[in-house]
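Undergrad:
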Amino acid sequence: METLSIYAPKLITSREYIASGHRACSGCGEVLAMRYVCKALGRNTIISNATGCMEIISTPLPQTAWEVPWIHTLFENASAVASGIECGLKALKRKHGYTREVKVVAMGGDGATADIGLQSLSGAMERGHDFIYVCYDNEAYMNTGIQRSSETPFGASTTTAPSGKASMGQHTWQKNMAAIAAAHEIQYVATSCSSYPFDIMTKVEKAIKIKGPSYIHILSVCPTGWRCPSNSTIKMGRLAVETGIFPMYEIENGKYTLNIDLPKLRPVEDYLKLQGRFRHLDKDNTAEIQEKVLDEYNKVKRLAAGNKAK
Amino acid sequence: MGTRDCNHICDESSPGIGEAGKTGEWRTHLPVIDDKKCTASKLNKPTCFLCWLYCPEAVMTKGIPPSIDLEYCKGCGICAQVCPVQAITMIAEEKI
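Residue numbers (the numbering used here), protein chains in the order written: chain A, 104 to 413; chain B, 2 to 97.
1) If I'm right that I149/A touches M137/A with Cβ under 8 angstroms, what's the distance once you round it to whole angstroms?
2) Ignore the nearest five residues each way along the sequence and tell me which others in V33/B's own chain have a CB closer than 6 angstroms to its CB.
3) Mind listing the chain A neighbours of V60/B? Cutoff is C-beta to C-beta under 8 angstroms, in chain order.
4) How far does the beta strand (DSSP E) with A209/A in it reach, from first residue to last?
5) With H, G and I counted as helix, E and B as strand and the rest as coil, what does DSSP make of L222/A?
6) For T261/A versus Q273/A, is the C-beta distance shorter than 8 angstroms?
7) At a Cβ threshold of 8 angstroms, is P57/B touching chain A?
8) Output the distance between the C-alpha atoms of Y139/A and P112/A, rounded to the nearest integer angstrom.
9) Would DSSP call H232/A helix, strand or coil?
10) How is the beta strand (DSSP E) around P32/B delimited, first residue to last?
11) Beta-carbon separation of A209/A and A243/A under 8 angstroms?
12) Going along chain A in order, which residues have a C-beta closer than 9 angstroms to the C-beta of L44/B?
13) Quick one: grab the DSSP three-state call for L164/A.
14) If we cut at 8 angstroms on Cβ distances, does A88/B have a partner in chain C?
15) Counting Cβ pairs closer than 8 angstroms, one from the region 18-33 of chain B and one from the region 388-397 of chain A, do we hit at least three?
16) Is K96/B close to chain A? Criterion is C-beta to C-beta, closer than 8 angstroms.
17) If you measure beta-carbon to beta-carbon, which residues of the region 166-194 of chain A are closer than 7 angstroms to chain B?
18) Would G379/A pass as a contact of R330/A if the rule is Cβ separation under 8 angstroms?
19) Under 8 angstroms, Cβ to Cβ, is there at least one residue of chain A near C39/B?
20) In the region 141-165 of chain A, which residues sit with their C-beta less than 9 angstroms from some C-beta in chain B, listed in chain order?
21) Starting from I319/A, trace the alpha helix (DSSP H) both ways and give me its first and last residue.
22) Name the one or two DSSP bridge partners that L375/A has.
23) Starting from the beta carbon of I18/B, find every residue of chain A whose beta carbon is closer than 8 angstroms, and list them in chain order.
24) What residue from S252/A, A269/A, I159/A, K367/A has the CA that sits closest to H383/A's CA?
25) Determine, for T336/A, whether the minimum Cβ-Cβ distance to residues of chain B falls below 8 angstroms.
26) Examine chain A for any beta-carbon lying closer than 8 angstroms to the beta-carbon of L71/B, and answer yes or no.
27) Starting from the beta carbon of C131/A, find every residue of chain B whose beta carbon is closer than 7 angstroms, and list them in chain order.
28) Report yes or no: is there a C-beta of chain A within less than 8 angstroms of the C-beta of C84/B?
29) P370/A and T336/A look like a contact to me (Cβ under 8 angstroms); what is the Cβ gap, rounded to whole Å?
30) Considering H175/A, what are the terminal residues of the alpha helix (DSSP H) in which it resides?
31) DSSP state of P112/A, grouped into three classes?
32) Considering only residues of the same chain and omitting the five flanking positions on each side of M228/A, which have a CB-CB separation below 6 angstroms?
33) Here's the rule: buried if 16 or more other CB atoms are within 10 angstroms of the residue's CB, otherwise exposed. What is Y299/A?
34) Give the DSSP-derived three-state secondary structure of S117/A in the structure shown.
35) State yes or no: is the beta carbon of A21/B nearer than 8 angstroms to at least one beta carbon in chain A?
36) If P85/B sits next to L51/B, beta carbons under 8 angstroms apart, how far is it from one beta carbon to the other, in whole angstroms?
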């Protein structure tokens, strides 16, 4: 799986690390992304998972769907626990001759990453622990019933930012988490989407090889919270990338690469009109979103082009 | 599909399939594979397996023909959407 051009699902391992029969809603894009991430990570992994959808769906107390070592942490300390585990492994290697190469992975939703857990993530990245942080961004606090987070897109209607006569839903723009992670000058930052399995797996494999912190931001479609049919999960993720709303890029040692660079972007209406959370938007709002999306997309494109010129 | 052969020593939890019970009971639409259309069955070779790749529930098998574990399939319909030859159709449960 060196490049995206190799298209062969039959080469991917059929071993599952998150077992079927879990509590995720039907058509969940987040658990789909997690399935790909775990496939790429393999068995020698310890996962520290922040509270969120992926924690509650996989581990009601007597049972668990996880087939790799896994620990539940609070919203705010997934990365702190991961750094503790990583230090513990280092001490084991130093004092007791432990030899297995184990990768420590912290996982969280957008609330646990961009809102509540940002301080511990920032701390762990600054201290340079050897771990991967994977953020499953479903653009709101879905597990508690669709409350807005700082990753909720402009104009989306949520239960705490509802649309109506007085408001048009979320009135702020998304926080750019990948840029915040890149500002820590870590070796590897990437964004990906749940509809692109090969892309996710390639990026996770790259992150495993890196000695030091790496950050992967995965847009995960949530049919329940986005108010779209459960069978449109894959289509919605692809549209997010094809409209330029979610550019898929990676930053290796400060070098930007745009992974999917389309010659012409689709209009954002294609993406917005399919989702119930954007139903109330009028033409002006859509035009405003279109302008901002193109602006952000071109910013990434310029950064990627600048690297090529060098 | 998940397996119950995990050898890790766990204090309280036992990893394995079906932690939420038989999630197949949630299903409103049943996916049915038409072996005459399915590329893998037609060519008798491991070919696309997109249904397996995109299943969030991991209930598809990479066999020839591909089969679905209906005990845990939640009937989201992603497999029917991604199938390039439309070999999978979703049939309403009450019609069966």
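Yeah, the Cβ is synthetic: ideal placement off N, Cα and C, and Gly gets one too. The model shown is predicted, which means the values in this text are computed figures rather than measured ones.
TA: Judging by the given coordinates:
1) So it is not a contact: roughly 15 angstroms between Cβ atoms.
2) T90, I92
3) S123
4) 206-212
5) As written in the sequence, residue 222/A is Gln, which differs from the Leu given in the question. Helix, per DSSP.
6) yes
7) Interface residue, yes.
8) 11 angstroms
9) Reduced to three states, the DSSP call for H232/A is coil.
10) 30-34
11) no
12) None at all; the shortest Cβ gap to chain A is about 13 angstroms.
13) In this structure, DSSP gives L164/A a state outside helix and strand, which the three-state scheme calls coil.
14) Of the protein chains in the structure, A and B, none is chain C.
15) no
16) no
17) Q166, T167, A168, W169, E170, P172
18) yes
19) no
20) Of all residues in the region 141-165 of chain A, I160, S161, T162, P163, L164, P165 have a Cβ within less than 9 angstroms of some Cβ in chain B.
21) Segment 317-322 is the beta strand (DSSP E) holding I319/A; no alpha helix (DSSP H) there.
22) BP columns for L375/A are empty, so no partner.
23) Correct list: A122, S123, G124, A168.
24) A269/A
25) With 8 angstroms as the cut-off, T336/A counts as an interface residue toward chain B.
26) no
27) P57
28) Not an interface residue.
29) 21 angstroms between Cβ atoms; not a contact.
30) Here H175/A belongs to no alpha helix (DSSP H); instead the beta strand (DSSP E) covers 173-175.
31) If DSSP states are grouped into helix, strand and coil, P112/A belongs with the helices.
32) H287, I289, P316
33) buried
34) Three-state result, S117/A: coil.
35) yes
36) 7 angstroms
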